[in-house]
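Notes follow once the structure below has been shown.
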Amino acid sequence: MADEYETFVRDSTRVLSGRECVLTLRDLTPGRSKYRGVNVRGVVSRPPRASEPILWIRSVVGLKDPQPCSIKIVEELPETFEGAPYSDYFSALERAEG
Amino acid sequence: MSNKDFRSFLAAIESSGDLVTIDEKVDWDQELSGIGRLSCEQDGPAFVFTNVKDYSPDWRVATNPIATWRRLAVGLNLPADIPLRELYQTYADREGTMIPPVVVDDGPCKEVKIFGDDVNLFDLPVPMVHDGDGGRYLGTWDLVVSKDINSDWVNWGMYRFMIHNERILTGYPRPTSHLGKMLLDGYVPLGKAMPIAIVVGADIPSHIAAAATFRIAGNEAELAGGLGGHAIELVRCETSDLYVPASAEIVIEAEIFPDRIAQEGPYGEYPGYRSGEMGNSLCAKVTAITRRRDPILTLDTTGFKDSSATTTSISGAIAIKRRLEKHGVPVVDVYIPPEGGVHLAVVSVRKGGAEIAQQVVEILTARRALMSKIIIVDDDVDVFNMSAVIHAFATKCHPDRGTHIHRYEGRANALTPAYSLKERVSHSGATVAFDATWPPEWPTETTPIRATLDSMYSPEIQKLVTERYRLLGL
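Note that the protein sequences, when read in sequence, are chains A and B. Be aware that the first sequence starts at 1, since it is given in this note's numbering, and climbs by one per residue. Be aware that the second sequence starts at 1001, since it is given in this note's numbering, and climbs by one per residue.
Printed below as a string of structure tokens:
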């Protein structure tokens, strides 16, 4: 597990609801594998909890929310989601939440 | 010959003063691409970086190979200072001469071969191009090979691909692109994975051909041969029956899933914005990487005036001219200015007016609509002279009857920043033609006369003035 991640969201209220959600994290650990993607089921907290990795939220145009969050990773998911090419990725995340 | 392979091109632009090599250590995380980005905005040189942080000196990275007309000319084995109109004409002439590729048994792109689980995309010094991008983009200045499942049609296109993890890539060839069409019409209905090969650092004509606006079922390898004046040598991939330019620096072989997706984007794109077009992409698993022993990774630091400002512009303008001619429009010249982010075309016609303007906008939005603005001018306006074009647009285009808007659904450019998020997702949009021509029904005796040397002075005075300028060295 890394110390710091970022994620891209269409609707930040979905991930900030306090409930478990599915999202793709980008690992911000410096080095050759920086920005590696991992799909997880987790719970996002704001303000961040000291025991959890930091999570930065970015919008669909990449705008960074200056307020940090943290994420408790409940489960690492498969590297891809079910979905036809060009189908909506955010809908696939919601489907994966079950 | 400057277009034999990518290395001969680099040597040629170094000779012409259009390449800077940086040997100091540079970070792949935004710093490297920031240097290339500023150069695009200033019409500056291409760069080669020989010392990339976290990576061995075996690797080099080259940015924005042909983001200026000078470098495009060198890539076509022409003088760097060739006049733009002449460059356009030469391109159009060569485009009409196809030279078939030849197949070879081996090539420099096969010096190192890595397969399956040994593949790690993070072993390549792929830059983080902009702060806030969805990930690191491997495919920016690339050439993606794909093959139609129902015919012999092989497509080369230039499409973006992002690293998701060690073996997974996500990408955004538009659904209306030739690759998108092959995938959606052929492989997805059958539930079959589609093989692709992402070629990095091939000869310049091959990349130009891949980026070109070219007909469906056309053979870009033949086009590349025509543009470069010699047959492209192709070699077979290791894990599919696709063929790639043998001289390439790196080849990524992969298969696009027919039923899996992952995050792709957002990404700062050629219109000069990051438009929030993420969320509708495709996903591929890498099956092999082949490369040279000391490869050069190529990068287009996409954004305002990137390499598409020359490549897509020149081929797009020529394609537009041919399409308008085919439909009987009295077109004279077409120019797509680099500053317009491939959203603005200037069309000159022998006879203008409302009917022609409406016809032009309908023809140019019939299948896929990449241009959102078209300025139509009379043929006494040089389309390559943007001062003259802006003058005509500002003064001759009637604010009401000179504006012809054509709306469409399902084929709009999702990267157009002016569109709302909803429009970008649904590919809904519009194109407007600005008619900056004199209405043909206006009598000549009352049509305004332009107050420029070439219009409001006698030929004798024009000759005297130009001769005086020549003697004064002006």
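The beta-carbon is built from N, C-alpha and C at its ideal position, and this holds for glycine as well.
Residues that residue i contacts on chain D, provided the C-beta gap is smaller than 7 Å
{"i": "B/I1168", "result": "Here the protein chains are A and B, and chain D is not one of them."}
Sub-7 Å separation of residue i and residue j beta-carbons
{"i": "A/S33", "j": "B/F1122", "result": "yes"}
{"i": "B/G1265", "j": "B/R1037", "result": "no"}
{"i": "B/A1357", "j": "B/D1435", "result": "yes"}
{"i": "B/A1262", "j": "B/I1196", "result": "no"}
{"i": "B/R1437", "j": "B/G1352", "result": "Contrary to the premise, residue 1437 of chain B reads as Thr rather than Arg in this sequence. For B/T1437 and B/G1352, yes; Cβs fall inside 7 Å."}
{"i": "B/G1272", "j": "A/G62", "result": "no"}
{"i": "B/V1331", "j": "B/V1349", "result": "yes"}
{"i": "B/V1244", "j": "B/V1145", "result": "yes"}
{"i": "B/I1320", "j": "B/A1345", "result": "yes"}
{"i": "A/Y86", "j": "B/N1280", "result": "yes"}
{"i": "B/L1072", "j": "B/T1446", "result": "no"}
{"i": "B/Y1091", "j": "B/I1314", "result": "yes"}
{"i": "B/L1415", "j": "B/E1269", "result": "yes"}
{"i": "B/G1135", "j": "B/I1163", "result": "yes"}
{"i": "B/T1431", "j": "B/A1369", "result": "yes"}
{"i": "B/P1101", "j": "B/V1188", "result": "no"}
{"i": "B/V1361", "j": "B/H1404", "result": "yes"}
{"i": "B/W1028", "j": "B/P1173", "result": "no"}
{"i": "B/D1148", "j": "B/M1182", "result": "yes"}
For residue i, three-class secondary structure by DSSP
{"i": "B/K1025", "result": "coil"}
{"i": "A/F90", "result": "helix"}
{"i": "B/M1162", "result": "strand"}
{"i": "A/W56", "result": "strand"}
{"i": "B/N1456", "result": "Before going on, a small fix: residue 1456 of chain B reads as Met here, not Asn. Here B/M1456 sits in helix by DSSP."}
{"i": "B/G1276", "result": "coil"}
{"i": "B/P1195", "result": "strand"}
{"i": "B/W1156", "result": "strand"}
{"i": "B/V1347", "result": "strand"}
{"i": "B/V1425", "result": "helix"}
{"i": "A/V15", "result": "helix"}
{"i": "B/T1063", "result": "strand"}
{"i": "B/P1245", "result": "strand"}
Local Cβ density within 10 Å of residue i, reported as buried at 16 or more and exposed below that
{"i": "B/E1233", "result": "buried"}
{"i": "B/R1468", "result": "exposed"}
{"i": "B/I1204", "result": "buried"}
{"i": "B/W1442", "result": "exposed"}
{"i": "A/V74", "result": "exposed"}
{"i": "B/P1175", "result": "buried"}
{"i": "B/L1087", "result": "buried"}
{"i": "B/M1158", "result": "buried"}
{"i": "B/K1025", "result": "exposed"}
{"i": "B/N1150", "result": "exposed"}
{"i": "B/S1307", "result": "buried"}
{"i": "B/V1104", "result": "exposed"}
{"i": "B/K1396", "result": "buried"}
{"i": "A/S51", "result": "exposed"}
Cα-Cα separation, residue i to residue j
{"i": "A/S12", "j": "A/I57", "result": "8 Å"}
{"i": "A/G37", "j": "A/C69", "result": "18 Å"}
{"i": "B/N1077", "j": "B/M1001", "result": "7 Å"}
{"i": "B/S1428", "j": "B/A1067", "result": "30 Å"}
{"i": "B/T1301", "j": "B/L1032", "result": "9 Å"}
{"i": "B/V1329", "j": "B/D1058", "result": "54 Å"}
{"i": "B/Y1456", "j": "B/I1449", "result": "Here residue 1456 of chain B turns out to be Met, not Tyr, going by the sequence shown. Going from the Cα of B/M1456 to the Cα of B/I1449 covers about 7 Å."}
{"i": "B/G1017", "j": "B/P1065", "result": "13 Å"}
{"i": "A/G83", "j": "B/L1282", "result": "9 Å"}
{"i": "B/V1199", "j": "B/S1206", "result": "10 Å"}
{"i": "B/I1374", "j": "B/A1451", "result": "25 Å"}
{"i": "B/S1275", "j": "A/G31", "result": "28 Å"}
{"i": "B/K1110", "j": "B/S1247", "result": "9 Å"}
{"i": "B/R1293", "j": "B/F1049", "result": "17 Å"}
{"i": "A/E4", "j": "B/Y1408", "result": "43 Å"}
{"i": "B/R1060", "j": "B/S1015", "result": "19 Å"}
{"i": "B/L1364", "j": "B/T1213", "result": "13 Å"}
{"i": "B/N1165", "j": "A/L28", "result": "13 Å"}
{"i": "B/T1170", "j": "B/F1009", "result": "30 Å"}
{"i": "A/R115", "j": "B/D1043", "result": "The first residue shown for chain A is 1 and the last is 98, placing residue 115 of chain A beyond what the model contains."}
{"i": "B/K1326", "j": "B/H1230", "result": "29 Å"}
{"i": "B/M1386", "j": "B/W1069", "result": "16 Å"}
{"i": "B/I1336", "j": "B/A1317", "result": "6 Å"}
{"i": "A/R95", "j": "A/G42", "result": "15 Å"}
Integer Cβ distance of residue i from residue j, believed to fall under 8 Å
{"i": "B/T1287", "j": "B/G1201", "result": "Not confirmed; about 20 Å, so no contact."}
{"i": "B/A1210", "j": "B/I1256", "result": "Not confirmed; about 17 Å, so no contact."}
{"i": "B/D1106", "j": "B/V1235", "result": "7 Å"}
{"i": "B/L1084", "j": "B/F1384", "result": "5 Å"}
{"i": "B/T1290", "j": "B/E1222", "result": "Not confirmed; about 24 Å, so no contact."}
{"i": "B/R1167", "j": "B/Y1137", "result": "No, B/R1167 and B/Y1137 are not in contact; Cβ-Cβ is about 16 Å, not under 8 Å."}
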